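*Asks:* Below you will find the structure I want to go over with you.
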Amino acid sequence: MAQATDPGKVLDRPNGNGGEENGLARYEISFGQADTRWAEMLARNAERLLKGSYSFHWLKTDPPNFGRRAKPSSRGLTYTDINNVRPYGEVPEHVDWKSFAPRGALRDPYRAEMPIIEDYTVLDSCEVWADNVITLYEEAKARQWNATRDIPWEELKPLPDDLEKATCQLCTFLTEVEFVAGDFPAKWMYRIPQDFLEVKSFLSTQIMDEARHQEVFRKRAIAGGGLMHSAPGFEWALKAILDAPTHTMGTFLLNLLGEGLVLSIFRSGEMIAKTHVDKEIFRRCMQDEARHVSYGVMQFKYYLDNNHDREGALEQLHRFADIGERVILTAFTEPALVEPVAILLGGGLDKIDNGMEGMAHLWRMFIDEYLQRCARAGFERRERCKLPLDFPWRQG
Amino acid sequence: MVAPIAAMRTGHFYIDETCIGCGACEHACPGKVDAIYRVEGDFLGRFAIVLEECIDCGFCVPLCPVDCIHDARKEGIIEGSGGYTRIKELQAWARSRN
């Protein structure tokens, strides 16, 4: 099974220092000298217009895809509804169209003249598809919310200093981690060709969701006193996600493990959040995060179920997870995360030891939820898991 | 007059307590049926199925990332199990402190 290559190796990164001039020079060579097929088309079009001639080729509908009308369901017109019209719903196992030409459009006659977008490198459906991606996309659109208006910010009252600082530190952590959950799909979305349009649509909603999460936690921290400490342990975990060698591996680390752990924090929001405003933030973020986790699990499952070398793929993924779990563990053992959560669970700085008991329950929740997600995808990880099954804390 | 399907029989699919609220099932339910809804007021944002409206098509089942949708005819009525029940231990711990 072909594996998508690392996008970073394919594309020169934008360079702010003098890169504009080099980039422009390359662009001039590319479009002005190296490949000027577009200029031939321009000349042909101009000649036709100047002759007052019509083409009307676009009116020909052979093969006859045109005329089969999609019918809306009671919810409106969904991707599922239009995919019921053949051949529009036929998602290829392997894509050989590296262009913007829409799936189902008449495009074969033009293949030879079309440019090839070499940056589209994720060509196998098993690398991106999930059986629930279309319905998750519909759900995502239906549940969008606004971090400016939908949170009752005016009702936010100051907490005692220790709880306020713990809340602000937790929000700083969440602000730091949320953008990788936007950057990762953004990095890969551009590598996914148009034939997987439903996946690209869903990833667009994930990027929007993560922008909103970063926004809401940044706002909560600054409204409560300010942003607090970033942490190198968080950064290494985020880098491990961003640098994952394939989309499926990164999706495993981001959506199935990392976002899964964040989802566990949100699910515990009734116990961690100390104001009704914070509970509302957690509740809203949780429903978004659940979609990302859901896609991650089912994408991982699809990858394994449709891989021609399942055993080989499993072994590769175990090797990847052996490292990924340990790097993610670095973030989830950072004092800048563990201690504020324990203070919030315990109810104050003076009750942090008691809060660590709650943290032990939360940890078992983290791990068992994660292992359940792995099992659902067909990736039995319990025996090989590098995350401690119990909270690695000994009372001092 | 022919009674509507929903009035003639009830469905058998249900969602257990381990639902994570992703909503993939809601939009898998055929539009005219629309038997799946988010439970109002539930902090965890879980979904439920209206038995009187469910037509037992089962489209929702394979889309669930946590396997929490069941067919009562095959599995009976079972409680959720696995990692997503762990939250009850944290909730019990929190209650014990109040």
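Residue numbers (our numbering), protein chains in the order written: chain B, 1107 to 1502; chain E, 20 to 117.
Heads up, the beta-carbon is just placed ideally off N, CA and C, and yes, glycines get one too.
Please read all numbers here as calculations on a predicted model, not as lab measurements.
#1: Quick check: the region 1275-1286 of chain B against the region 1330-1342 of chain B, are there 3 or more CB pairs under 8 Å?
#2: With burial defined as no fewer than 16 other Cβ atoms inside 10 Å of the residue's Cβ, what is the status of H1414(B): buried or exposed?
#3: Against chain E, does N1238(B) count as a neighbour if the rule is that its beta carbon must be under 8 Å from one of theirs?
#4: Any C-beta of chain B within less than 8 Å: which residues of the region 37-52 of chain E qualify?
#5: Output the residue ranges of the alpha helix (DSSP H) runs that lie fully inside the region 1158-1215 of chain B and measure 4 residues or longer, sorted by chain position.
#6: I'd like to know whether the C-beta atoms of R1479(B) and G1366(B) end up nearer to each other than 8 Å.
#7: L1117(B): buried (16+ other C-beta within 10 angstroms of its C-beta) or exposed?
#8: Could you tell me which uninterrupted alpha helix (DSSP H) segments, each at least 4 residues in length, are contained entirely in the region 1393-1449 of chain B, listed from first to last along the chain?
#9: Taking R105(E) as the query, report the chain B residues whose CB atoms sit under 8 Å from its CB, ordered along the chain.
#10: Below 8 Å, can you find three or more Cβ-Cβ pairs linking the region 67-81 of chain E to the region 100-116 of chain E?
#11: So is G1464(B) in contact with chain E if we call contact Cβ pairs under 8 Å?
#12: Report the neighbours of D86(E) on chain B: residues whose CB is nearer than 8 Å to its CB, in chain order.
#13: Would a check of beta-carbon distances place A1396(B) closer than 8 Å to chain E?
#14: Using CA coordinates, which residue listed in F1497(B), Y1401(B), I1434(B) and V1444(B) is at the minimum distance from A1236(B)?
#15: Does the distance from the C-beta atom of T1273(B) to that of G1210(B) stay below 8 Å?
#16: Excluding five sequence neighbours on each side, which residues of the same chain lie with their C-beta closer than 7 Å to the C-beta of E1244(B)?
#17: Suppose you measure from the CA of N1189(B) to the CA of L1269(B); what does that come to, to the nearest Å?
#18: According to DSSP, is I1378(B) helix, strand or coil?
#19: Between the Cα of T1241(B) and the Cα atoms of C83(E), C73(E) and D61(E), which residue gives the shortest distance?
#20: Can you find a C-beta in chain B that's less than 8 Å from the C-beta of E98(E)?
#21: Who pairs with I55(E) in a beta bridge, going by DSSP?
#22: Going along chain B, which residues have a C-beta under 8 Å from E108(E)?
#23: Could you compute how far the alpha carbon of K1115(B) sits from the alpha carbon of R1297(B)?
#24: Out of Y33(E), C87(E) and E94(E), point me to the one whose CA is closest to E72(E)'s CA.
#25: Looking at the strands, I want to know which residues DSSP matches up with D90(E).
#26: Span of the alpha helix (DSSP H) holding I1135(B)?
*Replies:* In brief:
#1: Result yes; three or more Cβ-Cβ pairs closer than 8 Å.
#2: Burial call: exposed.
#3: Judged by the 8 Å Cβ criterion, N1238(B) is in contact with chain E.
#4: The residues in question are I39, G40, C41, G42, A43, C44, E45, H46, A47, P49, G50 and K51.
#5: You should have 1185-1189.
#6: With a cutoff of 8 Å on beta-carbon distance, R1479(B) and G1366(B) are scored as near each other.
#7: Confidence is the limiting factor: at L1117(B) the pLDDT is only 48, short of 50, which leaves the residue's position unreliable, though a coordinate-based value still follows. With fewer than 16 other Cβ atoms within 10 Å, it is exposed.
#8: Uninterrupted alpha helix (DSSP H) stretches at least 4 residues long and entirely within the region 1393-1449 of chain B occur at 1416-1438, given in chain order.
#9: The contacting residues are H1467, R1470, M1471, D1474 and E1475.
#10: Between the region 67-81 of chain E and the region 100-116 of chain E there are fewer than three inter-stretch CB-CB distances shorter than 8 Å, so the stretches are not counted as touching.
#11: So yes, G1464(B) belongs to the interface.
#12: Against chain B, a Cβ distance below 8 Å from D86(E) picks out R1482.
#13: Interface residue, yes.
#14: Taking A1236(B) as reference, the option from F1497(B), Y1401(B), I1434(B) and V1444(B) with the minimal CA-CA separation is Y1401(B).
#15: Contact flag unset, no.
#16: If we look at E1244(B) and ignore the five residues flanking it on each side, its Cβ neighbours are T1184.
#17: Just so you know, the alpha carbons of N1189(B) and L1269(B) end up roughly 51 Å apart.
#18: In the structure shown, I1378(B) sits in a helix (DSSP, three-state: H, G or I).
#19: Considering only alpha carbons, the answer is C83(E).
#20: E98(E) does not count as touching chain B.
#21: According to DSSP, I55(E) bridges with I68(E).
#22: Taking the beta carbon of E108(E) as reference, the chain B residues within 8 Å of it are H1467, R1470 and M1471, listed in sequence order.
#23: Here the model assigns K1115(B) a pLDDT of 49, short of 50, so the residue's position is not dependable, and the following value carries that caveat. When the Cα atoms are used, K1115(B) and R1297(B) turn out to be separated by approximately 12 Å.
#24: Looking at Y33(E), C87(E) and E94(E), the one whose alpha-carbon comes closest to that of E72(E) is Y33(E).
#25: In the DSSP assignment, the residues bridged to D90(E) are F32(E).
#26: I1135(B): member of the alpha helix (DSSP H) spanning G1125 to I1135, first to last residue.
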